[in-house]
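Sequential numbering from 6 applies to the sequence shown in the working numbering.
From the three backbone atoms N, C-alpha and C, an ideal C-beta is built for every residue, glycine too.
Predicted model, so just to flag it, every value in this text is computed and none were measured.
Worksheet for the structure shown next.
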Amino acid sequence: MTVLECHHLSKRFKIYKRKQNTLNGFFISLFSQGPFEYFWPLRNVSFSVSQGETLGLIGRNGCGKTTLFKIIARILLPTTGTLSIEGRVSALLALGAGFHNDLTGRENIYLNASILGLSREEIDSKIEEIIDFGEIIRPFIDTQIKHYSLGMYMRLAFAVALSVDPDILLLDEILAVGDEAFSYKCFDRITRFQDQGKTILLISHDMNLVEYLCNRVIWIDDGIVREDGLAKEVISHYRQEISYKQ
């Protein structure tokens, strides 16, 4: 069963050439046609994902992977193309993404879980489990998260992302920050999701991790799909390319 299908997705941004160094200049630029150029982080991307697949997305920084994830998570709209999704999507795109620094950890749990589709009653029933998963965040759960370390952000964000019991889970470099014990805990939760037949899309620069977790990999290069195939084969070709360019 296909749960996600991208059909000729492209995304375009306007990049203004003239820098606005004053507040007045910024507001003037909003209502005037200044010089700009178009930037396409994604161009004509098509692929589908089946239920239960773990798909890895690899490529150099700036190649379009995170932009693609934001479109799948409905944070961005594609400029052209269509996207079809079956089921609930939960996305962990960056540490603390979507969190409000002036709110406490507890308040951010309610805010983000509600954005992901949980009712107040559902969050009430899950909040202790969310806090327990984060371990060290419990003493600071009623502290504003602007005082949190990166590791604490990650623990809270990962716990909230999993709390909605998603059908499709998007993970962008989730294991890149944090201590070894918590990374193992996240890894264990990911493998449990796989055992439950959940669909996972993973961005990582750790090729060993991608090869271990993913049965299929898409290599994004300069906004286009360079290769789509078995994890071991695509990663081998990507490593050869990286070694050649270095």
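Applying the criterion that 16 or more other CB atoms from any shown protein chain within 10 Å of the CB defines a buried residue, is E58 buried or exposed?
-> buried
E232 by DSSP, collapsed to three states: which one?
-> Strand at E232.
Any idea what DSSP makes of V169, helix, strand or coil?
-> Looking at V169 - three-state DSSP - the assignment turns out to be coil, as it is neither helix nor strand.
Residue ranges of each alpha helix (DSSP H) run of no fewer than 4 residues wholly in the segment 128-177, ordered along the chain?
-> 155-168
State yes or no: is the C-beta of P144 within less than 8 Å of the C-beta of S95?
-> no
Taking only the alpha-carbon atoms, compute the straight-line gap between F44 and E126 and give it to the nearest angstrom.
-> 43 Å
Of the listed residues S15, L47, D147, nearest to T109 (C-alpha basis) | When each option's Cα is compared against that of T109, the closest is D147.
Determine the direct distance from the alpha carbon of F187 to that of F13, and round the result to whole angstroms.
-> Before going further, note that residue 13 is His rather than Phe in the sequence given. Their backbone Cα atoms lie some 38 Å apart in a straight line.
Would you mind stating whether K70 and I225 have Cβ atoms separated by less than 8 Å?
-> yes
For F198, count neighbouring Cβ atoms within 10 angstroms of its own Cβ and tell me buried if that reaches 16, exposed if not.
-> buried
For K131, which residues from the same chain have a beta carbon less than 6 Å from its beta carbon, with the 5 sequence-adjacent residues on both sides left out?
-> Once the five neighbours on either side are set aside, the close Cβ partners of K131 are S168.
Inside the segment 43-127 only - alpha helix (DSSP H) runs reaching at least 4 residues = Qualifying alpha helix (DSSP H) stretches, in chain order: 70-77, 110-120.
Using DSSP with H/G/I as helix, E/B as strand and the rest coil, what is C11?
-> In this structure, C11 counts as strand in the three-state DSSP scheme.
Leaving out five residues before and five after L47 in sequence, what residues of the same chain have Cβ atoms less than 7 Å from its Cβ?
-> L14, S15, K16, G69, T72, L73, G228
Taking the alpha carbon of D177 as the point to measure from, which residue in F18, I63, Y249 has its own alpha carbon closest?
-> I63
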